[in-house]
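Counted the way mature numbering (1 follows the signal peptide of the UniProt record, and there is no 0) counts, the sequence shown spans residues -22 to -1, 1 to 310.
Structure first, commentary second.
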Amino acid sequence: MINPISLSLFWALTFSPTAALAQSTPSAWKTLAPVPAGPIHEHAAAALNATHLAIVGGMLERGGVIDSVYIYDVPKDAWKKVASLPITINHANAAVVDGKLYILGGMTGAQWNGTPRSWVYDPATDKWTAIASMPASEARGSAVMGVYGKVVWLASGKTKSGGESVTTVSAFDTASGKWLVDIPAKAKNIPEGRDHGGGGIVGTKLYQLGGSLGAIENRKDTVFVLDLEDLEKGWVTAKGRMPTPRRGFATGIVGTKIYTFGGEGNPDRTYGGVFKEAEVYDTVTDTWASLPGMNLPRHGSAAVVMGGKIYIPGGGTAMGTPATAAFDVYSP
Ligand SMILES: *[C@@H]1O[C@H](CO)[C@@H](O)[C@H](O)[C@H]1NC(C)=O
């Protein structure tokens, strides 16, 4: 149905003399329906298909780790609550394979202890089913995630609040329901510990960008790369360096470019220690470029790419607990 407002907007855009100007400077950011959980950060998010994304767990601004799961419908710009995860979780490691949502560990409880417990969610039945836990020694949250064929790869992460930044690489084969135990030594660890990094898979390569080592302020600018078709070669450090070393940023991959948004640990307190920076890594040229910053600077959100656009629900608006329910989408 065409309502009077959209009709008048149509007339204004089509016939007003300023239309050309308005169209030549479109904002890259658009605001969407807010996250129903309220102000939230450290949740996980993943695209279920081309039009729906899911967010899992997280920390509410007023404290408390939650087990809630919500699905967002792009065409309707609407959220729906679905079956909760069996435990409360933050910094969950989430990925989707064949339309099913996998939670492969994360952090749970008041101490944010790393948990190896894992589940799969089937949107068709609205049910969570327990699957093999990751090896106990690899339990962690905030890993960099990537899906290659039927295998979900996890790189780096944090074992608990104030805990270790790890070098661990894990892989779960959704076809066999097993964690891979034969990852070659050179592929099994990234070159140096990281948590709250970003990245994912482009082509055959798994990228681990930035993150911190130990203290929040010890932010890193590195790009570590593993060719999943040549695991024996192991991880290499690329030449390209993030212009602004960051951790806790949101990552979205569009084509061969990896977009990074926000983060925390900013010595400049303009945004409460949060970064406004948006920077993009070109995996083909191994170079970085800066983009106009975020409309709403934040950390501890998650980015999901659908239809070439990058959706960023919620996030922390300052270091610590301040958060937002705001949801926006970036069009590269
Ligand atoms: C995408 O996922 C949503 C949520 O499970 C579902 O309602 C929708 O039908 C799916 N779309 C397609 C094209 O499969």
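Backbone N, C-alpha and C define an ideal beta-carbon position, used for all residues, glycine too.
Around the CB of residue 159, fewer than 16 other CB atoms lie within 10 Å, so the residue is classed as exposed. Per the DSSP secondary-structure output, residue 288 pairs in a beta bridge with 283 and 308. For residue 130, the beta-bridge partners assigned by DSSP are 125 and 150.
Shown here, residue 248 sits in a helix according to DSSP, grouped into three states. Around the beta carbon of residue 210, a 10 Å sphere encloses fewer than 16 other beta carbons of the protein chains shown; the residue is thus reported as exposed. Where residue 59 is concerned, the enclosing beta strand (DSSP E) starts and stops at 56 to 60. Around the C-beta of residue 147, 16 or more other C-beta atoms lie within 10 Å, and the residue is accordingly described as buried. About 4 angstroms separates the Cβ atoms of residue 99 and residue 79, confirming a contact at the 8 angstroms cut-off. Counting only residues whose CB is nearer than 6 angstroms to a non-hydrogen atom of ligand 1, the list in chain order is 26, 27, 29, 30, 49 and 101.
In this structure, residue 112 sits away from residue 73, with a CB-CB distance that is not shorter than 7 angstroms.
Pairwise C-beta distances place the region 240 to 257 out of contact with the region 198 to 208, as fewer than three of them are shorter than 8 angstroms. Rounded to whole angstroms, the gap between the alpha carbons of residue 61 and residue 32 is 11 angstroms.
Contact check for residue 191 against residue 143 passes: the beta carbons are separated by less than 7 angstroms. In the DSSP secondary-structure assignment, residue 197 is bridged to 190.
Just so you know, the alpha carbons of residue 39 and residue 220 end up roughly 29 angstroms apart. Ranking 237, 218 and 136 by CA distance to the CA of residue 265 puts 218 first. Judged by beta-carbon spacing, residue 232 lies beyond the 7 angstroms limit of residue 282, meaning their Cβ atoms are not closer than that value.
Considering only 249, 285 and 225, the residue with the shortest C-alpha distance to residue 257 is 225.
Bounds of any alpha helix (DSSP H) do not take in residue 117, whose DSSP letter is neither H nor E. Counting only runs of at least 4 residues, the region 13 to 90 fully encloses no alpha helix (DSSP H) element at all. Shown here for residue 169: same chain residues with a beta carbon closer than 7 angstroms to its own, the five before and five after excluded, namely 202, 213 and 215 in chain order. In this structure residue 196 is exposed. Its beta-carbon is surrounded by fewer than 16 other beta-carbon atoms within 10 angstroms.
In this structure, the beta-carbon distance from residue 276 to residue 294 falls below 7 angstroms. Residue 280 is positioned such that its CB atom lies closer than 7 angstroms to that of residue 22.
Residue 254 and residue 238 have their C-alpha atoms roughly 10 angstroms apart.
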